[in-house]
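Engineer: Sharing a structure here in structure tokens format.
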Amino acid sequence: MEPRAIRHINLTTGPHNEPSYAWVENAISYLDKSGDIAFAGRLKGALRQHRHTSATPGRKHQSFSIPKNLNRRFQEIAKNKKVSMNELFIDALEDLIKTTTKHNEVEKKLNEAIKHEKERANQVIKTSKIELEAAIAHIKTLAEQLSKWELSMGSHDPEYDGDKETLDAATKKITKAIEDDLKKLRARNNLITPRES
């Protein structure tokens, strides 16, 4: 590098025994303005490789390339915001991390709400099933009493003294239609089938 460039950089950044990152950035800026574009380009490439080199031994270099049109767009945004490209990328990545974290938190809350709703719905279904079975049992008891009363209407003794098969057949005539309607209702509304978790 020409001595004039080194003097300019030392004046703006201070003298250095070893070139630093900021020192090289200033050198590139000066060379761009002074017209030594070829050497400035070589320094930019070296600086880029240094920037993407991990300080930890044994780890791979981390780098990525941006399409030229997108890079120009980033440069325009950085210029309008009066920030460097590095600051622009850091802000964008931080915003992305915040947005992703917020999205994950919302998704977690939604999943928990869905889980609780399913648990509540399954509990309602189980309770409904128990209540339905109790109602059917009560209907059968009432139907049996009604059958006894109907079968003993012609006798002087109000108590039914006939055989059980006749009583069961008479009771079934009453309960069958009710049970059929309940089966249709259960099938239509899926009342006793627990939801999948």
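With our numbering as the guide, the letters of the sequence shown map in order to residues 1367 to 1563.
C-beta atoms are modelled at their ideal positions from N, C-alpha and C, and glycine is treated no differently.
None of these values were measured; they are calculated from a predicted model.
(1) Might you give, ordered along the chain, the residues of its own chain that have their beta carbon closer than 7 Å to the beta carbon of T1541, omitting 5 neighbours on each side?
(2) Beta carbon of I1443, beta carbon of L1454: below 8 Å?
(3) With a threshold of 8 Å on Cβ separation, who are the neighbours of L1533 within its own chain once the five nearest residues in sequence on each side are excluded?
(4) Would D1457 be called buried (16 or more neighbouring beta carbons within 10 Å of its own) or exposed?
(5) Buried or exposed for T1467, please, with buried defined as at least 16 other CB atoms from any protein chain shown within 10 angstroms of its CB.
(6) Go to I1480, then tell me how far its alpha helix (DSSP H) extends in each direction, as first and last residue.
(7) Determine the direct distance from the alpha carbon of A1503 to that of S1563, and round the result to whole angstroms.
(8) So I1443 is in the alpha helix (DSSP H); what residue range does that whole segment cover?
(9) Quick one: grab the DSSP three-state call for D1529.
(10) What do you get for I1394, buried or exposed, if any count of 16 or more other CB atoms within 10 angstroms of its CB means buried?
(11) Out of curiosity, what's the CA-to-CA distance linking D1546 and T1465?
Structural biologist: With the structure as the only source:
(1) Closer than 7 Å at the Cβ level, and outside the excluded window around T1541, lie I1505, K1506 and A1509.
(2) Taking 8 Å as the Cβ cut-off, I1443 and L1454 qualify as a contacting pair.
(3) Within its own chain, the residues whose Cβ lies closer than 8 Å to the Cβ of L1533, once the five positions on either side in sequence are excluded, are E1510, S1513, K1514, L1517 and Y1526, listed in chain order.
(4) D1457 is exposed by the Cβ-count criterion.
(5) By the 10 Å Cβ count, T1467 comes out exposed.
(6) Where I1480 is concerned, the enclosing alpha helix (DSSP H) stretches over M1451 to L1517.
(7) Confidence is the limiting factor: at S1563 the pLDDT is only 46, short of 50, which leaves the residue's position unreliable, though a coordinate-based value still follows. Spanning the two alpha carbons is a distance of roughly 30 Å.
(8) Element bounds for I1443: K1434 to K1447.
(9) In the three-state DSSP reduction, D1529 falls in the coil class, being neither helix nor strand.
(10) Buried is the call here.
(11) If you take the alpha carbons of D1546 and T1465, they lie about 55 Å apart.
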